[in-house]
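Data first, discussion second: the structure below is written as structure tokens.
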Amino acid sequence: MNKHSNTISALNNAAPYIQLYKDKIFVIKIGGELLRSISLARKLLKQIATI
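Per our numbering: the sequence shown = residues 151 to 201.
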């Protein structure tokens with residue numbers, strides 16, 4: 151399986167759980183190393199945007 155297939159598979163498996171939180175607000179707390187690295191922050195934001 152390639153990286154793209156793994157991502158699609160993970161999202162398909164997570165979809166029912168994600169739908170439980172439709173129209174809800176949730177907080178993601180970040181800190182530490184992530185705040186020191188622009189590339190890590192961008193990766194996290196990209197993953198959140200995918201959801």
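Note that CB positions come from ideal geometry on N, CA and C, so glycine has one too. Please read all numbers here as calculations on a predicted model, not as lab measurements.
Item                                                                                                          : Value
Other residues of its chain near E183: CB distance less than 8 Å, five sequence neighbours each side excluded : L190
Inter-residue spacing [alpha-carbon to alpha-carbon] between S155 and L161                                    : 10 Å
8 Å Cβ cutoff met for I175 and L194                                                                           : no
A199 versus A164: straight-line alpha-carbon distance, rounded                                                : 14 Å
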